[in-house]
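Below is one structure, written out as C-alpha cells; the observations come after it.
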Amino acid sequence: MESGIPVWSALIISDGLKYISDSYKIAMVYNGDSAPMLALENKYSYSWDICISASEVSSGVAFYSYDDIAQAFSNYGVYAAQV
102 MESGIPVWSA
112 LIISDGLKYI
122 SDSYKIAMVY
132 NGDSAPMLAL
142 ENKYSYSWDI
152 CISASEVSSG
162 VAFYSYDDIA
172 QAFSNYGVYA
182 AQV
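First residue of the sequence shown? That's 102 in my numbering, and the numbers climb one at a time after it.
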C-alpha cells in the first residue's frame with residue numbers, strides 16, 4: 102500500500118491493524134530534520150493518543166516496528182488480543 106499524506110492531516114487505513122504484525126514494518130517517507138511520530142487513535146472513543154517514535158530511520162524514511170507499536174498499546178493497557 103502506498104499513499105501520500107498532506108502536511109498536518111490524517112490518513113485512515115481501513116483494517117490497518119491487520120498490517121501490525123512481526124511480518125510488517127510501517128514506513129513513512131518524510132522531508133524534514135527529524136522523523137515524524139506515528140500517532141494512533143481509537144476511532145470510536147478517541148481515547149488512545151498513542152505516539153510512537155521511529156525505531157529506524159534511513160534516508161528520509163522512518164520505520165515503525167511491531168514491537169514498538171505493541172509496547173505503546175500495552176502502556177495504555179491494550180494488548181494484541183484486544184485489537
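Ideal placement from N, C-alpha and C gives every residue a C-beta, glycine not left out.
Bear in mind that the values here come from a model prediction, so they are computed numbers and not experimental data.
Could you check the C-alpha separation between Ser122 and Ile151 for me, to the nearest Å?
Position 21 of the sequence shown holds residue 122. Position 50 of the sequence shown holds residue 151. Using only the alpha carbons, I get a separation of about 17 Å.
Could you tell me the alpha carbon to alpha carbon distance between Pro137 and Lys126, rounded to whole angstroms?
Here residue 137 is taken as the residue at index 36 of the sequence shown, counted from 1. Here residue 126 is taken as the residue at index 25 of the sequence shown, counted from 1. Straight through space, the alpha carbons of Lys126 and Pro137 are spaced by roughly 15 Å.
How about Tyr165 and Leu139: do their beta carbons lie closer than 8 Å?
For the purposes of this step, residue 165 is taken as the residue at position 64 of the sequence shown. For the purposes of this step, residue 139 is taken as the residue at position 38 of the sequence shown. Against a cut-off of 8 Å, the Cβ pair of Leu139 and Tyr165 comes out as a contact.
Would you mind giving the Cβ-Cβ distance between Ala128 and Val162, rounded to the nearest angstrom? I have them listed as a contact below 8 Å.
Here residue 128 corresponds to residue number 27 of the sequence shown, with the count starting at 1. Here residue 162 corresponds to residue number 61 of the sequence shown, with the count starting at 1. Going by Cβ atoms, the distance from Ala128 to Val162 rounds to 6 Å, so yes, they are a contact pair.
Assign Ser175 to one of three DSSP states: helix, strand, or coil.
Taking the first residue of the sequence shown as position 1, residue 175 is located at position 74. DSSP places Ser175 in helix when its eight states are reduced to three.
Taking a contact to mean a Cβ-Cβ separation below 8 Å, would you say Ser156 touches Asp169 in this structure?
Here residue 156 corresponds to residue number 55 of the sequence shown, with the count starting at 1. Here residue 169 corresponds to residue number 68 of the sequence shown, with the count starting at 1. Yes, the Cβ-Cβ distance between Ser156 and Asp169 is below 8 Å.
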